[in-house]
Structures are given as structure tokens and as C-alpha cells.
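Asker: After the C-alpha cells below, expect a handful of questions from me.
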Amino acid sequence: MPGVVSLDTLKIHHSLPIHPYDPAINYFEDNPFHLVALEAARMVKVCFILNVVQDIHKQIMGAVAGDLKQAHLDGVEICRRARRRFP
Numbered sequence: 042m043p044g045v046v047s048l049d050t051l052k053i054h055h056s057l058p059i060h061p062y063d064p065a066i067n068y069f070e071d072n073p074f075h076l077v078a079l080e081a082a083r084m085v086k087v088c089f090i091l092n093v094v095q096d097i098h099k100q101i102m103g104a105v106a107g108d109l110k111q112a113h114l115d116g117v118e119i120c121r122r123a124r125r126r127f128p
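Rendered as C-alpha cells:
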């Protein structure tokens, strides 16, 4: 949603009770927080994204760009590879 909604909307999204109760690391499939963001992006017809993937120290581990869905999946794969290296 960043880049397509106002800061107030972003704050509301982050405060909604759609976060999992447990830490969300490795929670990719059917994640309600992501699904709401994806719905918003589709509503405004986002056709390109650019995201970075950070480690726990806020260091960039990788970057993804392109199609909304595919680039997100590419970012998920970066996270999964990092998770396998540091269980």
C-alpha cells in the first residue's frame, strides 16, 4: 500500500486486527495483512512494484521489482532462502 495510499490510511491498515497474534515471520500464504494490501494495490491498478527485503538488522538482503504478484513472490523466496541459512 505504500505509494498508493495516504499516511493516514497506512496507519489504519497497520492498526487493523488482521495481524496474526504470533510473530508473522514466514507467514506468507493467506496472510490477511498482505491480502488487504494486495486488494488495495489492485484497486488502483498497480502494475509495477519495487521493494527491498531487509534482515533483522535493517540491512538490505535483496531487491525485487516488476509485476505486483511475481515481484512479491520473488521477495518471499529471498526471505525463505535466508531463513534456511539461519534457522
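According to my numbering, the sequence shown is numbered sequentially starting from 42.
The C-beta atom is built at its ideal place from N, Cα and C for all residues, glycine as well.
Give me, in chain order, the residues of the same chain whose beta-carbon lies closer than 7 Å to that of Val46; leave out the 5 immediate sequence neighbours on both sides.
Answerer: Once the five neighbours on either side are set aside, the close Cβ partners of Val46 are Ala81.
Asker: Please classify Gly44 as buried or exposed, where buried requires at least 16 other C-beta atoms within 10 Å of its C-beta.
Answerer: Result: exposed.
Asker: Helix, strand or coil for Val77? Go by DSSP, reduced to three states.
Answerer: Three-state DSSP puts Val77 in a helix.
Asker: Which stretch, first to last residue, makes up the beta strand (DSSP E) that contains Val85?
Answerer: Per DSSP, Val85 belongs to no beta strand (DSSP E) and is neither H nor E.
Asker: Assuming Leu91 contacts Ala106 under a Cβ cut-off of 8 Å, what Cβ separation, rounded to an integer in Å, is found between them?
Answerer: With a Cβ gap of about 4 Å, Leu91 and Ala106 count as contacting.
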